[in-house]
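Numbered per numbering that gives the first Met the number 0, the sequence shown spans residues 0 to 544. A virtual CB, placed ideally from N, CA and C, is assigned to each residue, including glycine. What follows is a set of notes on a single structure, which appears directly below.
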Amino acid sequence: MLKRKPIFIAILLLSSSLLQAEEMGLADASQQIAVPRVDVIGNQEQLLKIPSSANIIDQETLETSHVLTTNEALRKVPGVVARDEEGFGIRPNISIRGLNPTRSTKVLFLEDGIPLMYAPYGDNASYYFPSIDRFSSIEVLKGASQVKFGPHTIGGVINFITPNAPEKFGGYARFSAGNRDFLGTKINVGGNGMLFDYTHKEGDGARDNTNLNLEDVNFKITKAITENHAVTLRANYADEDSQVSYAGLTRAEYNNFGGEYNPFNRDDFETTRYGLSATHDWQVADSTLLTTNVYYSYFDRDWWRQQSTTAANSVAGATAAGGAPAIPSCIALASSRLAGTRTNGDTCLGVQGRLRNYETYGVEPRLNVKHFFGELDMGVRVHREEQTRKQRNGTSPTARTGTLIENNERTTNAYSGFVSNRYDIDQFSITPVVRYEHVENDRKNRINGAKGEATVRELIPGVSLGYTPNDALTVFAGVHEGFAPPRVEDLINNTTGGSVEIDSEKSTNYELGFRSKPSKNSRIEATAFYNDFDNLIAVGSIAGN
C-alpha cells in the first residue's frame, strides 16, 4: 500500500494552481510552444547533424520490442553493455565503451535532462532506477558533445524521456503475468495537459531467495502560461520492498548448484524515493530559448543482509569497532561455501543493516541561441547533496536493529557551467565546448567526531568536427577530456578526516565515425574510439582479497 507522503500534497497544489491558471485564460497558446524539457539529442533530424556518436531508441522501438527491462532496451545501442543483476533491471549495471559496469557508476543518467541518480557527484550508484515502462524514448550520447551535461564525461550520458502529457483525454491499462510468479500492472491516463502513470511489478528474481516488489507513481503537467512561457511540473513516488541478496557464489557453489543458487534467505531491501521537478521554457526571441530546471529528490534505503564473510562477521563490526573475533558458526559457513556444500545462511548469527538516506536538489538554467554562424549553448548548475549513512550489526539473521558501527554525514555542493558553440561553415561544422566543475565535499564521522573537507576543481575542454555533405551522411570526429569526481568516502578519510589523496578520474577520449541513412528504412553508423586514462579509479573487491 502506498504511504502518504508530502509529494501528493504537492501534486494537488501544483494541479490546482495550473487548472486555475487555465480557467483564467492564460493557457491559450498551449499548441504554440514545445514541451519544456532538456533533450540530449532531440529528434531524428537533429541526430543526423550531431558531430558525436549518438543514438535514439524511440517509442515505436520500445513498444514493438516488448522490452521488460532497461537492460534489454539499452542492448540495442552499440558500445553499451548491460549486466543483469536481479532480473527486473531496477539496479542496472551499465557500461559504455568498456568501463566498469558495476552500479553504473561510470555513466551519467538523466530524466528529461534532469539528474536521475540520487547523488551524481558524491555517490553515483544506481541502487534506485525507474521501470522502463515509465519512458517513451531513450537518448544515448557519447563523444565530446556529452561535456555539456556533466559531471561524468568519460563514457557517455543516457537521457530517459517521459511521455508528453496529452491534451485529449485518453489512456490505457495493461495487466501481465508470467512464470516465476511475475505480475505486472500498468495504468496510464491523461488529458488537458496532465498525465498520471502507475506501475506495479512483483515476482521472483533471477536467484533463489530473491523476490521483488515495486510501485512507481508519476504525475506530470505541461501548460503554456503565455505565448512565450511554458512549464512542465513532475512528481514521482517509488517504493520497493524486496528480498535481495548481495552475496555472490564461490566457484564450487556455482559448479555444484548453478547460478541461481543463493543460501541467504533473510535479506531484506526496502527503498522509498520521491521527487519533484519543474522545467520552465522562456522563448526570449525566435532564435533564443532559456530553459530552467529546478529539481528535488529524496531517497531512503534500508538493506539488511545476512553476513557472509569472516571479515565482517563480528557483531561489533570487525576491527572498526574494536576487532571482536569472528563468530565460529560464520567461519564454518564460509568454509562450507568454499567447499561447495549446500548451506543454510541462518547458521551465521549475524546481520548487517546498511541504512542510507539522500536528499538532492538543484537549479540549472540553460540558454540556446541560434545565430548566423551556428548555434550557442551555455548553462550553469547549482547542486547540493546530503547523505546520511549508518550501519547496524545485529545478532540474529532476522534482527532489524543492532550495534551502531557507522554513522556518517556527507554533503556535496557543486557549482558548474559550460559554453558550447557550433560554427557552421558550408558543409562543415566545428564545435568547441568547455565545462568547469567546482565540487566541495565534507564528511563527518558522528561516532568518533572526525571530520574533513576537500574540494575538487576541473576544467573540461572538448572539440568535435562534423562534415555533412547531404541529408543522408554525417562524418564526425572529436576529442575531449573525460572527468568523474571521486566519491566523498574515497576522497575524505573516515578515521582522521584527512584527505585520502584520491584524485578525480581523468582521461583523454578520441572518436572518429560516420552516420548514414541510405534509405527510409535503413541506417548505418560506425565509430572508432580510444580512451587514454591519466587516472582510473577501481574500487576494491572482497573477491579479489
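| Item | Value |
| --- | --- |
| Classification of E84 by the beta-carbon crowding that lies within 10 angstroms, buried from 16 upward | buried |
| Alpha-carbon to alpha-carbon, N210 and I429 | 51 Å |
| Residue(s) in a DSSP beta bridge with T278 | T231, N292 |
| Which of helix, strand or coil DSSP assigns to A525 | strand |
| Limits of the beta strand (DSSP E) - the one that Y507 falls within | Residue identity check: residue 507 is Thr in the sequence provided, not Tyr. Where T507 is concerned, the enclosing beta strand (DSSP E) stretches over 504-518. |
| Residue range of the beta strand (DSSP E) that includes K219 | 210-223 |
| Beta bridge counterpart(s) of E358 as assigned by DSSP | Y297, E385 |
| Those runs of the beta strand (DSSP E) which lie wholly inside the segment 107-166 and span at least 3 residues | 107-110, 136-140, 156-160 |
| Close-in-space but distant-in-sequence residues of the same chain around G204 (CB under 6 Å, 5 per side omitted) | E85, G86, L211 |
| Touch test, the segment 93-109 against the segment 167-184, Cβ-Cβ under 8 Å, three pairs minimum | no |
| CA-to-CA distance, T249 to S276, given in whole angstroms | 44 Å |
| Beta-carbon proximity check, E436 vs S415, cutoff 8 Å | yes |
| Of the residues V37, F528, E504, R514, the one placed nearest T104, counting alpha carbons only | E504 |
| Burial state of V283, where buried means 16 or more other Cβ atoms lie within 10 Å | exposed |
| In DSSP terms, what E452 is bridged to | D441 |
| Residue span of the beta strand (DSSP E) that contains E408, given as start and end | 402-424 |
| Residues bridged to H479 [DSSP beta-bridge criterion] | G461, N508 |
| Any beta strand (DSSP E) of 3 or more consecutive residues that is wholly inside the segment 60-99 | 79-82, 92-95 |
| Within 8 Å, strictly: CB atoms of S125 and P91 | yes |
| Selection from A246, V106, F268 that minimises the alpha carbon distance to E259 | A246 |
| Which of helix, strand or coil DSSP assigns to I330 | helix |
| Cβ-Cβ distance between T278 and R36 below 8 Å | yes |
| Inter-stretch contact (C-beta, 8 Å, three-pair minimum) for the segment 260-273 and the segment 290-305 | yes |
| Distance CB(D215)-CB(S244) smaller than 8 Å | no |
| Three or more C-beta pairs below 8 Å linking the segment 140-154 and the segment 480-500 | yes |
| Three-state secondary structure assigned by DSSP to V432 | strand |
| E194 - containing beta strand (DSSP E), residue span | For the sequence presented, residue 194 should be read as Leu rather than Glu. Looking at the DSSP string, the run of the beta strand (DSSP E) that includes L194 is 193-203. |
| For K105, the three-state DSSP class (helix, strand or coil) | coil |
| Cβ-Cβ distance between G352 and V381 below 8 Å | no |
| Per-residue burial, G321 [other beta carbons within 10 Å of its own, 16 or more giving buried] | Low local confidence applies: a pLDDT of 39 at G321 is under 50, so the model's placement there is unreliable, and no value is given. |
| N-terminal and C-terminal residue of the alpha helix (DSSP H) that N54 is part of | Here N54 belongs to no alpha helix (DSSP H); instead the beta strand (DSSP E) covers 53-56. |
| Same chain, Cβ closer than 7 Å to V156, neighbours up to 5 away in sequence not counted | V39, L107, L109, L140, Q145, F148 |
| Range of the contiguous beta strand (DSSP E) that encloses L182 | 181-190 |
| Beta-carbon proximity check, G497 vs G465, cutoff 8 Å | no |
| Where D266 sits in the DSSP three-state scheme | coil |
| Under the three-state DSSP convention, the category K531 falls into | Checking the displayed sequence, the identity of residue 531 turns out to be Asp instead of Lys. Strand, per DSSP. |
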